[in-house]
Amino acid sequence: GEGGWWREDESEDLDCEEDIEDYEYTTSGDTTRTLKIRLSLTDEEMGEFKWIKNFIAKCTCDGVTVATALARYIHREGIRSESWERMEEPSEETCGVAFHVFDRYGTVQTKYKDHPVQRGTGVWGNDLDHGPLFLIEKLHVIAPELRRKGLGQRVVSLLLEKAKRFYLDDKLDGKLADLFYGSNEAFERAWTLHALVSPGILTADIESQLVGKSAEERLMSRTRIQSGAIDFWRSCGFRRIGASRCFALSFDLQHQSRALGATSDFDPRRSYAEDLENEELEVIYETDLLTLTDEELKAFFVTHADDEIGWDRVTNSEATLLHLTASELKPLSTRWLLENVHHADSWKTTRDIDGYTPLEALKENLETMRTRKSYGLFRILNVSDHFKGYPDTAVSCLSLLLGRDTSEEIDDGDFWIEDNDYILVHLDPDVRKNLKTNKSLRKGFVNIFQIAAECLKANRAPTAENVERCCNNRSEWPPDTKNYLRRAGTQLGCRAVLRYMFDAAKEEDEKAGN
Numbered sequence: 001g002e003g004g005w006w007r008e009d010e011s012e013d014l015d016c017e018e019d020i021e022d023y024e025y026t027t028s029g030d031t032t033r034t035l036k037i038r039l040s041l042t043d044e045e046m047g048e049f050k051w052i053k054n055f056i057a058k059c060t061c062d063g064v065t066v067a068t069a070l071a072r073y074i075h076r077e078g079i080r081s082e083s084w085e086r087m088e089e090p091s092e093e094t095c096g097v098a099f100h101v102f103d104r105y106g107t108v109q110t111k112y113k114d115h116p117v118q119r120g121t122g123v124w125g126n127d128l129d130h131g132p133l134f135l136i137e138k139l140h141v142i143a144p145e146l147r148r149k150g151l152g153q154r155v156v157s158l159l160l161e162k163a164k165r166f167y168l169d170d171k172l173d174g175k176l177a178d179l180f181y182g183s184n185e186a187f188e189r190a191w192t193l194h195a196l197v198s199p200g201i202l203t204a205d206i207e208s209q210l211v212g213k214s215a216e217e218r219l220m221s222r223t224r225i226q227s228g229a230i231d232f233w234r235s236c237g238f239r240r241i242g243a244s245r246c247f248a249l250s251f252d253l254q255h256q257s258r259a260l261g262a263t264s265d266f267d268p269r270r271s272y273a274e275d276l277e278n279e280e281l282e283v284i285y286e287t288d289l290l291t292l293t294d295e296e297l298k299a300f301f302v303t304h305a306d307d308e309i310g311w312d313r314v315t316n317s318e319a320t321l322l323h324l325t326a327s328e329l330k331p332l333s334t335r336w337l338l339e340n341v342h343h344a345d346s347w348k349t350t351r352d353i354d355g356y357t358p359l360e361a362l363k364e365n366l367e368t369m370r371t372r373k374s375y376g377l378f379r380i381l382n383v384s385d386h387f388k389g390y391p392d393t394a395v396s397c398l399s400l401l402l403g404r405d406t407s408e409e410i411d412d413g414d415f416w417i418e419d420n421d422y423i424l425v426h427l428d429p430d431v432r433k434n435l436k437t438n439k440s441l442r443k444g445f446v447n448i449f450q451i452a453a454e455c456l457k458a459n460r461a462p463t464a465e466n467v468e469r470c471c472n473n474r475s476e477w478p479p480d481t482k483n484y485l486r487r488a489g490t491q492l493g494c495r496a497v498l499r500y501m502f503d504a505a506k507e508e509d510e511k512a513g514n
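Heads up: the sequence shown runs through residues 1 to 514, numbered per the UniProt record's numbering.
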């Protein structure tokens with residue numbers, strides 16, 4: 001970004017500024033110059049955003065502005081229930097950080113804590129889930145001759161110190177900890193400050209350097225400048241959050257991120273070819289496979305089934321064909337690959353450049369589909385509470401990648417009971433024994449899950465009555481579901497399934513509604 005938030009006529013707004021502090025800074029180098037740095041706080045425009053306070057730094061030399069910075073102190077606990085909606089509003093940067101790093105409740109996305117690749121160095125865990133955030137949004141040393149002379153670091157250092165003082169003033173009295181937070185530990189957790197930054201490139205600085213350059217030269221320039229920005233923030237103590245594009249700084253000197261050297265920090269792998277082609281996919285053939293429908297793509301595969309064309313080739317982002325067909329929700333093509341291509345089953349564990357297996361890549365896409373929708377320029381809607389369900393193609397692809405061929409497993413009663421022991425936990429012990437020896441009852445039990453899901457999809461409560469009604473409407477033969485309900489009892493038979501489903505949903509995420 002350009003830093004367009006800064007206006008030269010800002011002087012008329014000086015009465016909005018508060019807590020003004022003035023500093024002097026002498027630059028290093030051959031010709032030393034004395035600069036004035038003014039820090040101040042302002043409320044977000046019109047005072048709508050009571051949970052956010054702006055920190056502004058303005059650096060002048062002989063009255064001319066030579067550097068500016070903007071940071072935002074965010075009272076995260078105050079917007080916890082609407083974290084995405086609130087963070088989406090103030091700016092492109094607050095929106096970007098909210099949706100890229102955090103979930104809808106303002107806690108770090110699980111993949112950045114647990115995923116074998118996306119967790120990065122692993123120095124950031126649940127500690128980033130709580131407390132206020134200090135997001136440094138813009139830092140621009142305007143005068144080129146003042147760059148790399150320590151000015152940027154000095155401005156960042158002053159902002160961090162001011163943020164810490166503000167946070168300590170803002171912090172509630174520890175004596176009230178038990179009253180409001182239940183325990184001192186919960187109180188300290190809710191009042192742990194972290195600074196964040198998402199290093200970017202100032203478009204104005206780079207555009208002039210790119211005029212008339214080839215795509216390769218432009219990419220090299222961008223990469224060099226981006227890399228320089230990351231090095232700068234690391235020199236200020238920031239370390240990458242998982243494999244994300246955002247970096248965090250802990251104010252706790254004993255935090256494990258403080259012991260991690262800048263050169264040991266994690267950098268996600270990049271594909272030079274992919275960057276150069278601007279995500280253009282070069283799959284096995286000249287055809288852009290992703291523009292084909294599922295039926296067309298499967299027919300395409302069938303036509304070329306006997307060709308010696310190297311089915312194992314991958315895209316620039318190291319995605320296999322299985323990554324592509326599953327992520328594009330193409331179950332017919334996905335099934336064909338798994339059934340007809342030698343080694344295709346081994347692709348299930350192959351990781352792309354982001355470290356995702358085909359199943360993980362599909363789940364990432366589905367989670368995005370479930371939770372957000374882009375609109376306009378840089379705007380994102382949180383659609384989690386209005387989600388109507390995944391398309392059947394998504395469920396089919398998930399099933400194929402999970403490799404659940406239930407028809408084979410269900411034939412072996414002993415194995416099936418043992419394998420699904422945790423699902424049968426609410427079932428009457430006598431009925432469970434019957435399931436072991438009766439395949440029809442096993443199938444009926446499984447069908448109840450499907451019927452309950454269909455009820456939910458149709459916005460009907462999965463009561464025993466509704467489940468039974470659906471069952472009667474299915475004209476099922478053999479009547480496995482009716483057999484199960486007759487043996488287990490309609491109420492108890494449904495309850496055994498629903499209790500497990502509700503427990504599993506609760507287990508999936510401790511935050512209701514996610």
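The C-beta atom is built at its ideal place from N, Cα and C for all residues, glycine as well.
From the options, residue whose alpha carbon lies closest to that of residue i
i	options	result
residue 345	249, 337, 394	337
residue 294	329, 303, 304, 312	329
residue 195	130, 222, 303	130
residue 134	163, 148, 120, 359	163
residue 54	94, 81, 67, 78	94
residue 29	75, 484, 89, 148	148
residue 351	319, 372, 373, 381	319
residue 423	449, 474, 411, 243	449
residue 92	380, 396, 393, 391	380
residue 303	317, 260, 323, 333	333
residue 454	437, 357, 439, 473	473
residue 363	466, 413, 402, 440	402
residue 354	440, 427, 109, 120	120
residue 75	23, 168, 22, 431	168
residue 128	372, 192, 484	192
residue 321	292, 305, 358, 339	358
residue 369	360, 383, 356	383
Extent of the continuous alpha helix (DSSP H) to which residue i belongs
i	result
residue 134	Taken as a continuous stretch (DSSP letters only), residue 134 belongs to no alpha helix (DSSP H), being part of the beta strand (DSSP E) at 133 to 141.
residue 417	413 to 419
residue 109	Element bounds for residue 109: n/a, residue is neither H nor E.
residue 389	Looking at the DSSP string, residue 389 is not in any alpha helix (DSSP H), and its letter there is neither H nor E.
residue 515	As displayed, the chain neither begins before 1 nor continues past 514, which places residue 515 out of reach and without an answer.
residue 124	Unbroken run through residue 124: none, as it is neither H nor E.
residue 484	480 to 488
residue 437	429 to 437
residue 182	Note, residue 182: premise wrong, no alpha helix (DSSP H); not H, not E.
residue 151	151 to 170
residue 84	83 to 88
Buried or exposed by the 16-neighbour rule on C-beta atoms within 10 Å, applied to residue i
i	result
residue 477	exposed
residue 496	buried
residue 326	buried
residue 209	exposed
residue 462	buried
residue 20	exposed
residue 458	exposed
residue 491	exposed
residue 68	buried
residue 280	Legend: pLDDT at residue 280 = 34, less than 50; position of this residue unreliable, no value from coordinates given.
residue 159	buried
residue 253	exposed
residue 391	exposed
residue 137	buried
residue 64	exposed
residue 447	buried
residue 52	buried
residue 297	buried
residue 90	buried
residue 431	buried
residue 145	exposed
residue 96	buried
residue 502	exposed
Residues that residue i bridges to, as DSSP identifies them
i	result
residue 43	53
residue 472	In the DSSP output, where bridge partners are listed per residue, residue 472 has none listed.
residue 61	64
residue 374	380
residue 38	22, 58
Endpoints, beta strand (DSSP E) assigned at residue i
i	result
residue 66	64 to 74
residue 21	18 to 26
In chain order, each alpha helix (DSSP H) run of at least 4 residues that lies wholly inside the stretch 192 to 276
203 to 210, 215 to 235, 272 to 276
Within the stretch 281 to 368, ranges of the alpha helix (DSSP H) (whole runs, at least 4 residues)
294 to 303, 321 to 327, 331 to 340
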